[in-house]
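Novice: Under this note's numbering, think of the first position of the sequence shown as 3, with each following residue one higher.
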Amino acid sequence: MTAREINFDGLVGPSHNYAGLSLGNLASARNAGAISYPRAAALQGIEKMRSNLRLGLPQGLFLPQWRPDGAWLSALGTDVGNAEPHIRAAAMSASSMWAANAATVSPAADTADGRTHLTVANLVTMPHRSHEWPQTLAQLRLAFSDRNAFAVHGPVPAPFGDEGAANHMRLCDSHGEAGVEVFVYGQSGGPFPARQHVEASKAVARLHRLDPDRTLFVMQSEEAIAAGAFHNDVVAVANERVLFTHEHAFADKERFYADLRARLPSVEIVEVPASAISLSDAIRSYIFNAQLVTLPTGDPSNLPGTGMALILPTEARDMPAIWNWLEEMVAGNGPIRKLVPVDVRQSMANGGGPACLRLRVVADPANIDPRFLVDEAKLDGIADIVRNYWPEAIAPEDLADTRLIARIEQSWLTVVDHLQLSGDLIP
Numbered sequence: 003m004t005a006r007e008i009n010f011d012g013l014v015g016p017s018h019n020y021a022g023l024s025l026g027n028l029a030s031a032r033n034a035g036a037i038s039y040p041r042a043a044a045l046q047g048i049e050k051m052r053s054n055l056r057l058g059l060p061q062g063l064f065l066p067q068w069r070p071d072g073a074w075l076s077a078l079g080t081d082v083g084n085a086e087p088h089i090r091a092a093a094m095s096a097s098s099m100w101a102a103n104a105a106t107v108s109p110a111a112d113t114a115d116g117r118t119h120l121t122v123a124n125l126v127t128m129p130h131r132s133h134e135w136p137q138t139l140a141q142l143r144l145a146f147s148d149r150n151a152f153a154v155h156g157p158v159p160a161p162f163g164d165e166g167a168a169n170h171m172r173l174c175d176s177h178g179e180a181g182v183e184v185f186v187y188g189q190s191g192g193p194f195p196a197r198q199h200v201e202a203s204k205a206v207a208r209l210h211r212l213d214p215d216r217t218l219f220v221m222q223s224e225e226a227i228a229a230g231a232f233h234n235d236v237v238a239v240a241n242e243r244v245l246f247t248h249e250h251a252f253a254d255k256e257r258f259y260a261d262l263r264a265r266l267p268s269v270e271i272v273e274v275p276a277s278a279i280s281l282s283d284a285i286r287s288y289i290f291n292a293q294l295v296t297l298p299t300g301d302p303s304n305l306p307g308t309g310m311a312l313i314l315p316t317e318a319r320d321m322p323a324i325w326n327w328l329e330e331m332v333a334g335n336g337p338i339r340k341l342v343p344v345d346v347r348q349s350m351a352n353g354g355g356p357a358c359l360r361l362r363v364v365a366d367p368a369n370i371d372p373r374f375l376v377d378e379a380k381l382d383g384i385a386d387i388v389r390n391y392w393p394e395a396i397a398p399e400d401l402a403d404t405r406l407i408a409r410i411e412q413s414w415l416t417v418v419d420h421l422q423l424s425g426d427l428i429p
């Protein structure tokens, strides 16, 4: 098997809006009620995918979900025209764009049956996300339908909240080799809910048939959750042998680091001290909600013996103290040697950075449904549809407008038909 890490980005949907639905997500709360720009948001996401392709990285795509979610509204005894505003907003949410919450993924090298396992996240903590999983599961079962290569699982039952890969890290010497899987869970976050339940993490590890000796369950610090790190990927990110983390990300970091080193002696832990970057600044800039990637060895910009880049939001570059620290880091002898800023400001305003927008899957691309893989030409076609169909702007009061709803539905139908998926994804 030629295993490669593929980033599957969620295409920002035409109903992207700022309803402030996510308790504990400070950016979402701060921008609640603002005018959103779905067209610009989707084009920013497409440009991020282009940037990854130009770095030599394989790239995949997940589609927006059908909105409004009429089936969910019907189960609540209402419809989009009669629902209360907060229920209508939850039914219109485009939050499936944050593909890091789509599922948890364990590569074939880690599992007892030699298949890549994916468990769709139930997202039960937040109403606006709790109804995503059926449509997400439908896409996962299409994209990863080869049963010899993949096992796709349904959600962990409620009430055990599971938020997917945003609370999961994998460290290894190389993507195709057996790794150490780290499940990060929360218990308390002061005024904010801890979204990942330890029992959900344990269930996913069992479903994926992981080696218990190479699986860690680590508690996120209460301080981090209370500061606005609603997912672990807001304060830590891992890639191959490197863990890039804030000093206050974990409740018992010394034990975690020791357990990790015992299982992966080659691990390199790059810890950002709070004295250099506070938790609040780390969360505001999303320097950890970045894609830490291994660049192809043929990239002429790579230095000898290195090859990791940090794809991070332009907001980090806009904060001089943080950017100066990052530049000093990459100028040193550490494993991260390249910074790649990307503009995802529309997503950031709703609390999702580059890492939120993607799900990492280590697999042979030949085993994946090609409709979910993209190149520059395919992105060109999708971008044209976005420019022609996606709403330019949405204000909160627009969510009840039947003309807007009709446009959102037509936008979805057009892009799904363009990718030849209309026969498989029925709204």
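For every residue, glycine included, the Cβ atom is placed at its ideal position computed from N, Cα and C.
Measure the alpha-carbon distance for residue 371 versus residue 65 and round it to whole angstroms.
Specialist: 14 Å
Novice: Sort out for me which residues DSSP pairs residue 338 with in a bridge.
Specialist: 310
Novice: Let me know the secondary structure DSSP gives residue 321 once reduced to three states.
Specialist: coil
Novice: Helix, strand or coil for residue 396, going by three-state DSSP, please let me know.
Specialist: strand
Novice: Does the region 387-401 come into contact with the region 350-359, if we say contact requires no fewer than three beta-carbon pairs (one atom in each stretch) closer than 8 Å?
Specialist: no
Novice: Pick out the complete alpha helix (DSSP H) segments inside the region 218-279, 4 residues or longer, and give them in chain order.
Specialist: The qualifying runs are 224-228, 255-265.
Novice: Which residue's Cα is closest to the Cα of residue 92: 128, 290, 271?
Specialist: 128
Novice: Which residue's Cα is closest to the Cα of residue 380: 296, 51, 36, 413?
Specialist: 51
Novice: Find out if the Cβ-Cβ distance for the pair residue 245, residue 270 is shorter than 9 Å.
Specialist: yes
Novice: Suppose contacts are defined by Cβ-Cβ distances below 9 Å. Is residue 139 in contact with residue 131 by that definition?
Specialist: no
Novice: Roughly how many whole angstroms lie between the Cα atoms of residue 187 and residue 88?
Specialist: 28 Å
Novice: Let me check understanding here. Comparing Cα to Cα, which of 103, 8, 209, 164 lies closest to residue 145?
Specialist: 8
Novice: When the Cβ atoms of the region 236-255 are set against those of the region 205-217, are three or more pairs found closer than 8 Å?
Specialist: Fewer than three beta-carbon pairs drawn from the region 236-255 and the region 205-217 are found closer than 8 Å, and the two stretches are therefore not classed as touching.
Novice: Where residue 60 and residue 86 are concerned, what is the direct C-alpha to C-alpha distance, given to the nearest angstrom?
Specialist: 42 Å
Novice: Between the region 322-338 and the region 116-123, can you find at least three pairs of beta-carbon atoms closer than 8 Å?
Specialist: Proximity of the region 116-123 to the region 322-338 falls short of the contact definition, fewer than three beta-carbon pairs being nearer than 8 Å.
Novice: Give the straight-line distance between the Cα atoms of residue 154 and residue 148, rounded to the nearest whole angstrom.
Specialist: 10 Å
Novice: Quick check: what's the CA-CA separation for residue 393 versus residue 133?
Specialist: 23 Å
Novice: Could you compute how far the alpha carbon of residue 312 sits from the alpha carbon of residue 395?
Specialist: 31 Å
Novice: Hey, out of 122, 342, 221, 90, whose CA is closest to residue 141's CA?
Specialist: 122
Novice: What span of residues does the beta strand (DSSP E) with residue 11 cover, start to end?
Specialist: 6-12
Novice: For residue 171 and residue 405, what's the separation of their Cα atoms in angstroms?
Specialist: 42 Å
Novice: Exposed or buried, which one is residue 84 when buried takes at least 16 other CB atoms within 10 Å?
Specialist: Residue 84 should be labelled exposed.
Novice: So, at 8 Å on beta carbons, what are the nonlocal neighbours of residue 305 in its own chain, with the 5 sequence-adjacent residues on each side left out?
Specialist: Low confidence applies here, because residue 305 scores a pLDDT of 43, under 50, leaving its location unreliable and the question unanswered by this model.
Novice: From residue 326 to residue 290, what does the alpha carbon distance come to, in whole angstroms?
Specialist: Answer to the nearest angstrom: the Cα atoms are 15 Å apart.
Novice: Run through DSSP, which three-state label would residue 86 get?
Specialist: coil
Novice: Classify residue 362 as helix, strand or coil using the three-state DSSP reduction.
Specialist: strand
Novice: Can you say whether residue 150 is buried or exposed, counting buried as having 16 or more other CB atoms within 10 angstroms of its CB?
Specialist: exposed
Novice: Suppose the cutoff is 7 Å on Cβ atoms and the five residues either side in sequence are ignored; what does the same chain contact list for residue 167 look like?
Specialist: 102, 105, 106, 107, 361, 362
Novice: What is the C-beta distance between residue 316 and residue 345, in whole angstroms, given that I count them as a contact (C-beta under 8 Å)?
Specialist: 5 Å
Novice: Under a three-way DSSP split, which group does residue 117 fall into?
Specialist: coil
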